[in-house]
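Input: a single structure, listed below in structure tokens.
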Amino acid sequence: MKRSKLIAVVLFIPFIICLIIYSNGGKKMNAKSKIVFFELGSKGNSTLVKTVDNKGNPIYGIIDGGKPINYTKQIEPYLTENKISKIHFVIVSHMHDDHVGGIDKLLQSDFVDNETTLYLKLTPKSEHLTNYAKLKEMNIGVIEPLSVPDNVKNNNEVMSSPDSIFQTQIKYYSKADGNYANTNMSNNISFGEFTITIYNGVDWNTHDVVNEDWDENVNSLTCLLERKDSKGAVQRIYLSADLGENSGENSTDGREQYSMVIGERISQIVGQVDIYQVAHHGFYFSMNEETARNLNFKYAIVTNSYNEIAYKGIAKFQKKYPSISETEALDIGTNTLKALFSSEDLVKVLFADGENYGTGFTAYELIKELQPSNGYVLTDKEGYIKNGNIIVEFGSDIKVSQ
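According to the numbering used here, the sequence shown is numbered sequentially starting from 33.
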């Protein structure tokens with residue numbers, strides 16, 4: 033009798049374990065969809081997107097690839113160690129080396145093939161990427177604006193432009209009969225549990241609002257990823273690449289910080305999000321308070337170290353204004369970080385590269401008047417800002433860890 037009771041208990045335990053897992057807040061979903069913001073050791077962006085297809089198989093995409101050395105030292109080893117053999121999509125935000133350098137290497141690797149789709153804004157600078165894609169017979173998604181504006185001359189015209197100028201459509205090209213041909217169009221990307229919407233398809237360098245001979249950052253594609261949880265609530269993640277960076281800072285003719293203004297206008301369309309990848313690595317004049325209020329994010333992710341932002345700000349503004357102190361220069365140079373605190377729902381600010389210059393000004397000194405007792409900025413046991421890959425897992429709720 034005792035033996036039969038023991039057998040019954042042994043058989044019953046797996047049932048109880050399964051029941052606990054099933055009912056424990058949907059945590060098994062965490063393994064299905066995940067986003068990894070890579071620590072790259074310096075400013076730069078590369079984001080891995082994991083989800084599942086309709087058969088439950090894991091699928092992966094990459095948004096930007098950092099510098100070539102980041103692909104070699106961080107991205108390729110991560111893919112190999114995690115037994116990721118195939119990348120299903122690649123999105124290129126813009127053609128600066130700290131975003132696209134690693135993509136050059138990825139497109140020549142065995143991680144991509146004719147089932148991979150490359151998404152990009154087609155410009156003379158990006159043409160070589162399409163050549164790599166064609167060698168692998170990859171699909172190509174060309175990002176274009178829904179409507180092409182007349183010449184936009186100043187920031188007021190940016191802010192009054194219709195949504196369709198900032199929204200995009202995707203023209204797909206695939207190889208057929210030996211040639212690439214346009215096969216279909218869409219307004220977003222359906223990828224497993226995610227829907228990805230891309231903004232900013234305009235070539236702004238053809239408009240007078242750009243106060244430079246050429247500005248690559250202002251042409252950055254931004255990405256909104258949306259996923260529904262088990263109750264139908266939408267989880268939203270917004271990656272702003274380098275749109276908003278500090279170009280045009282010295283202009284006084286209605287075009288000052290035009291890139292930041294374009295970023296603000298798009299934030300009006302995007303609306304509230306859960307996760308925000310901060311524009312242009314958190315450097316000065318990359319995002320304003322109104323953008324933070326529009327997005328009203330819970331988590332802000334800075335793909336940089338705090339000290340890189342602080343020290344460059346000090347150097348920049350003490351050179352520009354020789355009479356000001358380091359503290360005053362820091363106050364100007366960290367205005368993007370301070371703008372983050374205009375988000376009413378802010379929970380944490382995370383820096384992928386932490387505080388990698390050792391001692392110096394800390395985020396607590398920067399925002400001490402705004403800092404609650406538990407702290408907005410994620411730190412380690414010694415009180416320094418943490419560094420490392422930032423992982424966002426999706427289930428019935430969103431879990432952010434570093």
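Ideal placement from N, C-alpha and C gives every residue a C-beta, glycine not left out.
Quiz item: How far does the beta strand (DSSP E) with Met217 in it reach, from first residue to last?
Solution: Here the beta strand (DSSP E) through Met217 covers Asn211 to Ser218.
Quiz prompt | Nearest candidate by alpha-carbon position, reference Ile341, set Ala324, Leu327, Lys330 and Ser318 | solution = Restricting attention to Ala324, Leu327, Lys330 and Ser318, the CA atom closest to the CA of Ile341 is found in Ser318.
Exercise. Can you tell me which of the three DSSP states Gly173 falls into?
Key: Note: Gly173 maps to strand in three-state DSSP.
Self-check item: Distance between Tyr151 and Asn171 (C-alpha atoms, nearest Å)
Solution: Approximately 9 Å between the Cα atoms of the pair.
Quiz item: Where do the N-terminal and C-terminal ends of the alpha helix (DSSP H) with Pro90 fall, by residue?
Solution: No alpha helix (DSSP H) holds Pro90; the beta strand (DSSP E) holding it covers Pro90 to Gly97.
Exercise. Could you tell me the distance, in whole angstroms, from the CA atom of Val81 to the CA atom of Ile356?
Key: Their Cα atoms are separated by approximately 44 Å.
Practice problem: Could you check how far apart the C-beta atoms of Asp142 and Lys99 are, in whole angstroms? I think they sit under 8 Å. | Solution: Between Asp142 and Lys99 a beta carbon distance of about 21 Å is seen, past the 8 Å cut, so the two are scored as non-contacting.
Exercise. Tell me where the alpha helix (DSSP H) around Ser192 begins and ends.
Key: Where Ser192 is concerned, the enclosing alpha helix (DSSP H) stretches over Asn187 to Ser192.
Quiz prompt | Glu425, DSSP secondary structure in three states | solution = Glu425: strand per DSSP, three-state reduction.
Self-check item: Own chain, CB closer than 6 Å to Gly276, minus 5 neighbours either side, in chain order
Solution: Within the same chain, Gly276 has close Cβ partners Ser291, Met292, Gly295, Ala311, His312, Ser318 and Met319.
Exercise. Please determine if the stretch 420 to 433 and the stretch 259 to 271 are in contact, where contact requires at least 3 C-beta pairs separated by less than 8 Å.
Key: Contact between the stretch 420 to 433 and the stretch 259 to 271 is present, because at least three Cβ pairs lie under 8 Å.
Quiz item: Helix, strand or coil for Val266 per DSSP?
Solution: If DSSP states are grouped into helix, strand and coil, Val266 belongs with the strands.
Exercise. Quick one: using the 10 Å Cβ neighbour count with 16 as the cut-off for buried, is Thr254 buried or exposed?
Key: So Thr254 ends up on the buried side.
Exercise. Tell whether a beta-carbon distance below 8 Å holds between Ile435 and Ser218.
Key: Only positions 33 to 434 of the chain appear in this structure, which leaves residue 435 out of reach.
Self-check item: C-beta atoms of Ala384 and Asn336 nearer than 8 Å
Solution: Annotated as proximal: Ala384 and Asn336, with beta-carbon spacing under 8 Å.
Quiz item: For Ile364 versus Gly345, is the C-beta spacing smaller than 8 Å?
Solution: A contact, by the Cβ cut-off of 8 Å.
Quiz item: Going by DSSP, what residues sit across from Phe383 in a beta bridge?
Solution: The partner list for Phe383 (beta bridge, DSSP) reads Val334.
Quiz item: Residues in its own chain within less than 6 Å of Ser374 by CB, not counting five upstream and five downstream?
Solution: Listed in chain order, the non-local C-beta contacts of Ser374 below 6 Å within the same chain comprise Glu321, Ala324 and Arg325, local neighbours out to five positions each way being set aside.
Quiz item: Going by the beta-carbon positions, is the gap between Asn232 and Ile298 smaller than 8 Å?
Solution: Closer than 8 Å, so yes.
Exercise. Would you mind sorting Gly76 into buried or exposed? The rule is 16 or more other CB atoms within 10 Å of its CB.
Key: By the neighbour-count rule (16 or more Cβ atoms within 10 Å), Gly76 is buried.
Practice problem: Run the CB neighbour count on Tyr308, radius 10 Å, all protein chains shown included, and call it buried at 16 or more, exposed below. | Solution: With a threshold of 16 other beta carbon atoms within 10 Å, Tyr308 meets it and is buried.
Self-check item: Of the listed residues Ile101, His120 and Glu360, nearest to Ile94 (C-alpha basis)
Solution: Nearest C-alpha to Ile94: His120.
Quiz item: Would DSSP call Tyr231 helix, strand or coil?
Solution: Three-state DSSP puts Tyr231 in a strand.
Quiz item: Gln140 bridges to which residues according to DSSP?
Solution: Beta-bridge pairing by DSSP links Gln140 to no other residue.
Quiz item: Anyone know if the C-beta pair for Ile107 and Phe70 falls short of 8 Å?
Solution: Result yes, Cβ atoms of Ile107 and Phe70 sit closer than 8 Å.
Exercise. Verify whether the separation of the beta carbon atoms of Val334 and Val381 is less than 8 Å.
Key: Their beta carbons are under 8 Å apart, which means Val334 touches Val381 by this criterion.
Self-check item: Status (buried if at least 16 other CB within 10 Å, exposed otherwise) for Tyr316
Solution: Burial check for Tyr316: the Cβ neighbour count within 10 Å reaches 16 or more, so the residue is buried.
Exercise. Look at the alpha carbon of Met61 and the alpha carbon of Ile67, and state the distance between them as a whole number of angstroms.
Key: Unreliable positioning characterises Met61 in this predicted model, as indicated by a pLDDT of 34, which lies under 50. A coordinate reading is not provided.
Quiz item: Ser374 CB to nearest chain B CB: under 8 Å?
Solution: Within the model displayed, chain B is absent; a lone protein chain is all it includes.
Quiz item: In three-state DSSP terms, what is Val305?
Solution: Of the three classes helix, strand and coil, the one that applies to Val305 here is coil, per DSSP.
Exercise. Going by CA-CA distance only, name the one from Phe349, His126, Leu362 and Tyr331 that's closest to Asn339.
Key: Asn339 has its Cα closest to that of Leu362, out of Phe349, His126, Leu362 and Tyr331.
Practice problem: Determine the closest residue to Ser78 out of Val190, Ile91, Lys87 and Tyr110, with distance taken between C-alpha atoms. | Solution: The shortest Cα separation from Ser78 among Val190, Ile91, Lys87 and Tyr110 belongs to Tyr110.
Quiz prompt | C-alpha gap between Leu194 and Lys185, whole angstroms | solution = Reading the sequence as shown, one finds Pro at residue 194 and not Leu. Across the structure, Pro194 and Lys185 are spaced so that their CA atoms are roughly 15 Å apart.
Exercise. Starting from Glu360, follow the alpha helix (DSSP H) in both directions and report where the run begins and ends.
Key: Here the alpha helix (DSSP H) through Glu360 covers Glu358 to Gly365.
Quiz item: Does DSSP classify Lys115 as helix, strand or coil?
Solution: Three-state DSSP puts Lys115 in coil, outside helix and strand.
Quiz prompt | Contact set for Ala332: own chain, Cβ-Cβ below 6 Å, skip 5 residues either direction | solution = Only Tyr308, Val310, Leu372 and Val381 meet the Cβ criterion.
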